[in-house]
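If you read the protein sequences in the order shown, they are chains A and B. For what it's worth, numbering that gives the first Met the number 0 labels the leading residue of the first sequence as 0, then goes sequentially. For what it's worth, numbering that gives the first Met the number 0 labels the leading residue of the second sequence as 0, then goes sequentially. All C-beta atoms in this analysis are idealised placements derived from N, C-alpha and C, irrespective of residue type, glycine included.
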Amino acid sequence: MGNIEEVLTIELPVGENFRIQRCRYAPTQGQSTKRISVVSGIHGDELEGQYVCFLLGQWLREHPDTIKGTIDIYPAINSLGIDSITRSVPFYDVDLNRTFPGSKNDFLPAQIAHGVVNLMRGSDFAIDIHSSNVFLREIPQVRIAKSQEDVLVPLANLLNIDFVWVHDAVTVLESTFAHAMNTIGTKTLVVEMGVGMRLGKAYGHQLLDGLLNLMAHEGILDIEPLKVRFPIQSHVGEVAYLNASCPGLFVPVIDHCQVIEKGSVVGHIVSALSGEVLDEVIAPIAGILFTIRAYPIVYEGSLLGRIFGEKQ
Amino acid sequence: MKRFDIVTLESPNRAPLRIEGFLFGSENTQGPSVAIVGAMSGDHINQLYVASQFVEYLRTKEEEGIIIGRILVIPAVNAYALNMGEKNWPLDKTDLNMMFPGYAQGETTQRIASRLFDTLKGYDYGIILEGRRDQGMCLPYVKLVQSGYEDLECVKDLGLGFIHYRPHDPVETAMLQYNWQLWETKAFSIVFGKNGAIDQSVSNEVHTAIVRFLSKREMLNIPVFEGRKSNIVDPNRITLVKASRAGILISKVTCGTHVQKGEVLGKIIDALSGERLEKIISPCEGIVTCQYSHPLIFQNSIVFRIASVELCCHLETKKK
Ligand SMILES: [Zn+2]
Numbered sequence: 000m001g002n003i004e005e006v007l008t009i010e011l012p013v014g015e016n017f018r019i020q021r022c023r024y025a026p027t028q029g030q031s032t033k034r035i036s037v038v039s040g041i042h043g044d045e046l047e048g049q050y051v052c053f054l055l056g057q058w059l060r061e062h063p064d065t066i067k068g069t070i071d072i073y074p075a076i077n078s079l080g081i082d083s084i085t086r087s088v089p090f091y092d093v094d095l096n097r098t099f100p101g102s103k104n105d106f107l108p109a110q111i112a113h114g115v116v117n118l119m120r121g122s123d124f125a126i127d128i129h130s131s132n133v134f135l136r137e138i139p140q141v142r143i144a145k146s147q148e149d150v151l152v153p154l155a156n157l158l159n160i161d162f163v164w165v166h167d168a169v170t171v172l173e174s175t176f177a178h179a180m181n182t183i184g185t186k187t188l189v190v191e192m193g194v195g196m197r198l199g200k201a202y203g204h205q206l207l208d209g210l211l212n213l214m215a216h217e218g219i220l221d222i223e224p225l226k227v228r229f230p231i232q233s234h235v236g237e238v239a240y241l242n243a244s245c246p247g248l249f250v251p252v253i254d255h256c257q258v259i260e261k262g263s264v265v266g267h268i269v270s271a272l273s274g275e276v277l278d279e280v281i282a283p284i285a286g287i288l289f290t291i292r293a294y295p296i297v298y299e300g301s302l303l304g305r306i307f308g309e310k311q
Numbered sequence: 000m001k002r003f004d005i006v007t008l009e010s011p012n013r014a015p016l017r018i019e020g021f022l023f024g025s026e027n028t029q030g031p032s033v034a035i036v037g038a039m040s041g042d043h044i045n046q047l048y049v050a051s052q053f054v055e056y057l058r059t060k061e062e063e064g065i066i067i068g069r070i071l072v073i074p075a076v077n078a079y080a081l082n083m084g085e086k087n088w089p090l091d092k093t094d095l096n097m098m099f100p101g102y103a104q105g106e107t108t109q110r111i112a113s114r115l116f117d118t119l120k121g122y123d124y125g126i127i128l129e130g131r132r133d134q135g136m137c138l139p140y141v142k143l144v145q146s147g148y149e150d151l152e153c154v155k156d157l158g159l160g161f162i163h164y165r166p167h168d169p170v171e172t173a174m175l176q177y178n179w180q181l182w183e184t185k186a187f188s189i190v191f192g193k194n195g196a197i198d199q200s201v202s203n204e205v206h207t208a209i210v211r212f213l214s215k216r217e218m219l220n221i222p223v224f225e226g227r228k229s230n231i232v233d234p235n236r237i238t239l240v241k242a243s244r245a246g247i248l249i250s251k252v253t254c255g256t257h258v259q260k261g262e263v264l265g266k267i268i269d270a271l272s273g274e275r276l277e278k279i280i281s282p283c284e285g286i287v288t289c290q291y292s293h294p295l296i297f298q299n300s301i302v303f304r305i306a307s308v309e310l311c312c313h314l315e316t317k318k319k
């Protein structure tokens, strides 16, 4: 049974405290080997991580004797947001994942970010679980900045995910939780899976296996490593983006992320007013459709999908 | 004056988004050029107001023949958000001022930013009217980030009291000012007001500063009063006065007030019991440049920022 603590509190104006809660599992005997932080809910409209936290907690309660390290579970960083379908930090309307490393001397979101970094400082690993947003559905994937490739890709390969996407460093992403943690020596992986405001049970179980496997490899759990899938590596191919050519209602032909042929129809953009089909969305390359739009209203440019295709 | 659409974007159901520009001065002028960008966010009402008042001002001045440069004013970038009380792009909630330099093949707001930026490139000067990114209100100040291409000399011609001159944050690499500078426009922001509201005296001050700038930089042929000698401040020279408690904030001073050390600046009361939780005392002598403007305040929020050069230097030496 884990130890539940309120680890960060900030007073709110009217008779309430903002709080972050943590459930910590530690070895029943002996010294802790390593420490891992499992984090979700930096975005308040992403709930897949909540389910993974539940599954992990449930597993750990059933297998207390296997725990050799310290396992910290933080299901709801933006707790105000999680409990109110609000992606950003309420009141300030600021994306918490653009305010790291934060500061004690700044506004509420920056204080939360600062508190979060301090809480997790000293962890050997952190797994930051996101579920895209309400617009897009993603297959389980880990996204890694190019500069961190050597350190993080081997770790990501343990996580039982489908895709490892190494992307060019964008300066804006220096203000994310993952960047802040990687900078202070905590190996931090960003998992994206599923869709905002919903739960996908299968993905939750898939990532649970990955977490157990990673912890087995790192000596945090005294169990045999699991047999996990080896993710597709982005460096062997290219990502094609499908953006809407016009505004309208996007009606997918393909409901789930899957392997598709070049030239196949991904969906249609239609006009609710005139009854016309405005555009047919065609796969420009063959490969795996790892992102598909979940929210039907689109403008010109709205992302409809992403396909990863291997180089010929 | 030429009024034209810089960007139009069709919507699934509502009327198209139009970003309108107002262009003044002759096409073949030898004078320098400036673009002035107003509300990029749906709560930057004061910025919208100053920009549209400036259009009105230039229209009257145009007849007098005093416009010698080329002046483009874009009062509202995000009219969609303004028209529905939203701050950001209404569908995906992205901040248009976090999308620069834009990407013509990218997401909707990247495309909008890209098309807008295509128009903004090539201007000699770029003035961004910015609201705050927090719940504060402030004296008009210049925000100039260091990109390697910034021009500190020119912003002094505004004659505003304070220039915040500092290294750029990572997030600012996606903002207009930074990118505009990289394209060799002398770009800077004037930050002022309180989001969602219009302050007349602050608006007048910003208006005057822009007129002064355009006069000194030879885009308007008009005599102006000298402005202030600007103080260049970096964040280390500002004293932060923070709320130790959350509750209802009652402020006793306004932005611009010269306060003494030990002076009572305000109080925080318990929102439920009404009891006084904190008396906010100024730790130094200086000018209140910025204050928290929402009646409900959070623990550790910055209530006041006080510019006090001597005191801060003194504190720095004491710390060492
Ligand atoms: Zn997220």
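- With fewer than 16 other CB atoms across the displayed protein chains lying within 10 angstroms of its CB, B:E55 is exposed.
- In this structure, A:E45 has its beta carbon less than 7 Å from a heavy atom of ligand 1.
- Boundaries for A:T32: no alpha helix (DSSP H) harbours it, and the DSSP string shows neither H nor E there.
- The beta carbon of A:V235 sits closer than 6 Å to those of E309, all from its chain and outside the five residues before and after it, given in chain order.
- Between A:I9 and A:L107 a beta carbon distance of about 7 Å is seen, short of the 8 Å cut, so the two are scored as contacting.
- Note that the C-beta distance between B:K260 and B:C289 is not below 8 Å.
- For the C-beta of B:R244, the chain A residues within less than 9 Å are, from N- to C-terminus, E10.
- By the CB criterion at 8 Å, B:V302 and B:I279 fall inside the cutoff.
- For a Cβ distance threshold of 8 Å, nothing in chain A lies close to B:G101: the least Cβ distance comes to about 10 Å.
- Think of a sphere of 8 Å around the beta carbon of A:C245: the chain B residues whose beta carbon falls inside it are E9, in chain order.
- Take the alpha-carbon of B:D198 and the one of B:G135: they are about 13 Å apart.
- Listed by position along chain B, the residues whose Cβ is nearer than 8 Å to that of A:Q205 form an empty set, because the closest Cβ is around 27 Å away.
- Within chain A, the residues placing a beta-carbon under 9 Å from that of B:G105 are Y240, N242, G300 and L302, ordered along the chain.
- Annotation note: the region 162-234 of chain B contains the following uninterrupted beta strand (DSSP E) runs of length 3 or greater, listed N- to C-terminal: 185-193 and 230-232.
- The DSSP-derived three-state label of B:C137 is strand.
- Placement of the Cβ of A:H42 at a distance of less than 7 Å from at least one heavy atom of ligand 1 is found.
- A:D64 is outside the set of residues whose beta carbon lies under 8 Å from a beta carbon in chain B.
- As the crow flies, the alpha-carbon of B:R110 is around 39 Å from that of B:Q298.
- At a cut-off of 7 Å, the beta-carbon of A:H129 counts as near ligand 1: some heavy atom of the ligand is closer than that.
- Contact annotation: in the region 165-194 of chain B, residues whose CB is within less than 8 Å of a CB in chain A are D168, P169, V170, T172 and A173.
- Burial is judged here by how many other beta carbons sit within 10 angstroms of a residue's own beta carbon; B:H163 has at least 16 and is buried.
- A Cβ of chain B is located within less than 8 Å of the beta carbon of A:E173.
- If you draw a straight line from the Cα of B:P100 to the Cα of B:L115, it is about 9 Å long.
- Approximately 7 Å separates the beta-carbon atoms of A:M192 and A:I138; this is inside 8 Å, confirming the contact.
- Residue environment: A:H255 is assigned as exposed (fewer than 16 neighbouring CB atoms within 10 Å of its CB, all protein chains considered).
- Scanning A:I84, A:H129, A:V280 and A:Y91 for the CA closest to the CA of B:K86 turns up A:Y91.
- The Cβ-Cβ distance between B:L143 and B:G160 does not fall below 8 Å.
- In this structure, B:L128 sits away from B:I221, with a CB-CB distance that is not shorter than 8 Å.
- Rounded to whole angstroms, the Cβ separation of A:L79 and A:V6 is 16 Å, and the two are not in contact under 8 Å.
- With 16 or more neighbouring CB atoms inside 10 Å of its own CB, A:G266 falls in the buried class.
- For B:V263, the number of other beta carbons within 10 angstroms of its own is below 16, and it is reported as exposed.
- Contact of B:N77 with chain A is not assigned, every C-beta pair being separated by 8 Å or more.
- Under the three-state reduction of DSSP output, B:T93 falls in the coil class, being neither helix nor strand.
- Of all residues in the region 82-103 of chain A, only R86, S87, F90, Y91, D92, V93, D94, R97, T98 and K103 place a beta-carbon less than 9 Å from a beta-carbon of chain B.
- When DSSP states are grouped into helix, strand and coil, B:C289 belongs to the strand group.
- Pairing A:L46 with A:L210 gives a Cβ-Cβ distance that is not under 8 Å.
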